[in-house]
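> Provided herewith is a single structure, encoded as structure tokens, for subsequent inquiry.
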Amino acid sequence: MGESSVDSLYEQVRGALPPGSGGSAVSEPPVLRLIAPRIRVLALRTPTLPPAAHTNVYLVGPDAGPWMAVDPGSPYPDQEAVLDAALAAAGVSLGLVLLTHHHGDHTGGARALADRWGVPIAAHANTIRRLPKLRIERTLEAGEQVGGWTCVYTPGHADGHLCFEQPGFTIAGDMVAGLGTILIDPSEGDMSVYLASLELLLARPQSMLLPAHGPSIPDGHAKLREYIAHRLMREAKVAAALGASDASLNELVAIAYADTPRMLWPLAERVLLAHLAKLQRDGRAREGSPGRWSTP
Ligand SMILES: [Zn+2]
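For the sequence shown, numbering that gives the first Met the number 0 begins at 0 and goes up steadily by one.
What follows is the structure in structure tokens.
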């Protein structure tokens with residue numbers, strides 16, 4: 000918690016919102032929903048990026064044996080109690096806690112849950128490296144099978160990001176959102192890599208995407224195409240905002256994110272930087288002096 004710059008950006012946005020906004024005031028009581036016989040989901044309140052106010056915990060079971068919990072991100076005791084009650088009501092026993100990536104809204108309740116059940120936590124090596132204070136017992140590799148799910152390595156939002164895939168379903172973490180937006184912050188993420196991971200998911204068989212925030216997305220491929228198109232549209236706006244003389248990030252945000260509420264511009268500036276880094280790599284942008292950008 001609080002170790003990631005993305006977590007503090009989320010906090011900054013929550014702090015800038017008027018009281019009562021951001022969803023927590025209108026949250027409904029958590030319910031364990033059935034997606035498939037052995038896939039259930041529970042949305043728990045977490046410190047996340049508004050308008051989302053919850054992170055989905057996916058509970059997935061093999062045909063026999065203990066279940067796995069993906070992204071138990073809530074650090075709040077009342078939400079942990081809800082999760083325990085839901086597990087008890089479903090008659091489910093837990094064998095493993097899985098993490099899609101290192102952000103606090105995905106990991107905040109992981110150790111407590113793992114300790115209550117006496118089970119290990121598993122994540123990608125890059126996630127483990129970014130969480131030195133969280134004991135993670137098992138390293139997951141790209142392509143590895145865990146409890147009948149395939150680990151699909153999808154860096155970009157975070158460099159240790161994994162999706163978990165079964166025929167027809169992909170637990171998508173923060174690759175896409177059913178509610179709100181996905182932040183690509185250049186200190187922890189990479190726009191080129193994120194776009195490549197979206198393409199990688201698109202090249203896999205069609206599936207229902209199960210995001211960490213918001214409802215399930217039945218037509219996964221359509222959503223992935225929409226995300227790729229949206230990022231490329233923004234990239235075009237950023238490229239068009241660049242001129243022959245140097246412009247500051249402030250000036251560029253005002254042009255490329257003119258359609259975004261001003262309150263979100265500090266966040267937009269981080270994403271702008273991620274776009275600029277990609278454009279620079281593609282030979283389409285140049286940082287003349289620190290923080291000032293132009294066409295090459
Ligand atoms: Zn995240």
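Just so you know, even glycine gets a beta-carbon here, dropped at the ideal spot from N, CA and C.
1) Any heavy atom of ligand 1 closer than 7 Å to the Cβ of V5?
2) Buried or exposed: where does E187 fall if 16 or more other Cβ atoms within 10 Å of its Cβ makes it buried?
3) I need the straight-line Cα distance from R285 to L275, nearest angstrom please.
4) Kindly examine ligand 1 and report whether one of its heavy atoms sits closer than 7 Å to the Cβ of H105.
5) For the beta strand (DSSP E) holding S293, just list the boundary residues, first then last.
6) Mind listing which residues have their beta carbon within less than 5 Å of any non-hydrogen atom of ligand 1? Chain order is fine.
7) What are the start and end residues of each continuous beta strand (DSSP E) run of 3 or more residues lying completely inside the region 77-124, in chain order?
8) Does the beta-carbon of A239 have 16 or more other beta-carbons within 10 angstroms, so that it is buried, or is it exposed?
9) Taking C-beta to C-beta, are R203 and G159 nearer than 8 Å?
10) Please look up how many angstroms separate the CB atoms of A273 and D184, rounded, as I've assumed it's under 8 Å.
11) Tell me whether L234 is buried or exposed, calling it buried when 16 or more other Cβ atoms sit within 10 Å of its Cβ.
12) Taking the alpha-carbon positions, what's the R13 to E140 distance?
13) For my contact list, A176 and P154 are in at a C-beta cut-off of 8 Å; report their separation, rounded to the angstrom.
14) By DSSP's criteria, M207 is part of a beta bridge. Which residues make up the other side?
15) Pull up the CB-CB distance for L93 and A122, whole angstroms please, since I reckon it's below 8 Å.
16) Can you round the beta-carbon distance between V56 and L182 to whole angstroms, since I take them to be within the 8 Å contact cut?
17) Check whether the Cβ atoms of P119 and E136 sit closer than 8 Å, and answer yes or no.
18) Check whether chain D comes within 8 Å of A89, counting only Cβ atoms and requiring the distance to be less than that.
19) Would you kindly check if the distance between the Cβ of V69 and the Cβ of F163 is under 8 Å?
20) If you draw a straight line from the C-alpha of G146 to the C-alpha of G60, how long is it?
21) Taking C-alpha atoms, which residue in G213, L201, V40 lies nearest to V151?
22) Since I believe Q78 is in contact with L43 (beta carbons under 8 Å), could you give me their beta-carbon distance rounded to a whole number of angstroms?
23) Does A284 come out as helix, strand or coil in the three-state DSSP assignment?
24) Should H229 be labelled buried (16 or more other beta-carbon atoms within 10 Å of its own) or exposed?
25) What's the C-alpha gap between M190 and T180?
26) Going by the DSSP bridge assignment, what does M67 pair with across the sheet?
27) Pick from A87, T54, L241: whose alpha carbon is nearest that of P65?
28) So, at 6 Å on beta carbons, what are the nonlocal neighbours of E10 in its own chain, with the 5 sequence-adjacent residues on each side left out?
29) Hey, how far is the Cα of P289 from the Cα of D245?
So, from the listed chains and residues:
1) Because some heavy atom of ligand 1 lies under 7 Å away, the Cβ of V5 counts as near it: yes.
2) E187 is buried by the Cβ-count criterion.
3) Annotation: R285 to L275 spans about 8 Å, alpha carbon to alpha carbon.
4) Correct: H105 has its Cβ closer than 7 Å to ligand 1.
5) First-last of the beta strand (DSSP E) with S293: 291-293.
6) Cβ atoms closer than 5 Å to ligand 1 belong to H102, D173.
7) The region 77-124 contains, as complete beta strand (DSSP E) runs of 3+ residues, the segments 93-97, 120-123 (chain order).
8) Exposed, since its Cβ has fewer than 16 Cβ neighbours within 10 Å.
9) The answer is no: Cβ separation not under 8 Å.
10) Going by Cβ atoms, the distance from A273 to D184 rounds to 7 Å, so yes, they are a contact pair.
11) Checking the sequence, you will find Glu at residue 234 rather than Leu. By the 10 Å Cβ count, E234 comes out buried.
12) Taking the straight line joining both Cα atoms gives about 34 Å.
13) Actually they are not in contact, since the Cβ atoms of A176 and P154 sit about 17 Å apart, beyond 8 Å.
14) Its beta-bridge partners are F168.
15) No, L93 and A122 are not in contact; Cβ-Cβ is about 16 Å, not under 8 Å.
16) The pair is not a contact, with the Cβ atoms about 21 Å apart (cut-off 8 Å).
17) Yes, Cβ-Cβ distance for P119 and E136 is below 8 Å.
18) The question asks about chain D, but that chain is absent: this structure has only one protein chain.
19) In this structure, V69 lies closer than 8 Å to F163 by Cβ.
20) Cα-Cα distance, rounded: 7 Å.
21) Check the Cα spacing between V151 and each of G213, L201, V40: the tightest is with L201.
22) A Cβ-Cβ distance of about 4 Å is found for the pair L43 and Q78, placing them in contact under the 8 Å criterion.
23) Looking at A284 - three-state DSSP - the assignment turns out to be coil, as it is neither helix nor strand.
24) The residue is exposed, with fewer than 16 neighbouring Cβ atoms inside 10 Å.
25) C-alpha separation (whole angstroms): 14 Å.
26) Paired residues: V59, L95.
27) Comparing Cα positions, the closest option is A87.
28) Same-chain partners within the cutoff: there are none.
29) Roughly 10 Å between the two C-alpha positions.
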